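Chemist: So for the sequence shown, numbering that gives the first Met the number 0 puts the first residue at 0; every next one is plus one.
For each residue, glycine too, the CB sits at the ideal point set by N, CA and C.
On a predicted model such as this, the values are computed, not experimentally measured, just so you know.
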Amino acid sequence: MPRPALRTRSRKRVYKALPGGKTTIHYKSEIPAPAKCRICNKPLSGFSRLNPSEISKLNKSRRRVSRIYGGSLCSECLKKGLKEAVRVSSSS
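1. If I follow the unbroken alpha helix (DSSP H) through Arg10, where does it start and stop?
2. Tell me the DSSP secondary structure of Ser28 in three-state form.
3. Ignore the nearest five residues each way along the sequence and tell me which others in Ser71's own chain have a CB closer than 6 Å to its CB.
4. Going by beta carbon distance, what residues of the same chain come within less than 6 Å of Leu5, once the five residues before and after it are set aside?
5. Over what stretch of residues does the alpha helix (DSSP H) that includes Lys82 continue unbroken?
6. Just how far apart, CA to CA, sit Met0 and Val13?
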């Protein structure tokens, strides 16, 4: 019987063959869904798709994109937003 933490269906079961001909079960955590842009819902590129415990072990540059609104907007939506902000501020 697996220990209580492994008795959940949120972990994938991977059957591994052992050298003696037996098989055993390894439990893997699912990869989280990719982060999406808040405006157009496209998956964001430029940073890793890992569990929070694995993300904390990465370099800061691999955790997020180092530009304004890096982890929440894609580059196209950011460009559109900045252009519109400049147009609004220059017209008034």
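Modeler: Quick answer:
1. Element bounds for Arg10: not the alpha helix (DSSP H) but the beta strand (DSSP E), 10-16.
2. strand
3. Arg37
4. Tyr26
5. 74-90
6. 16 Å
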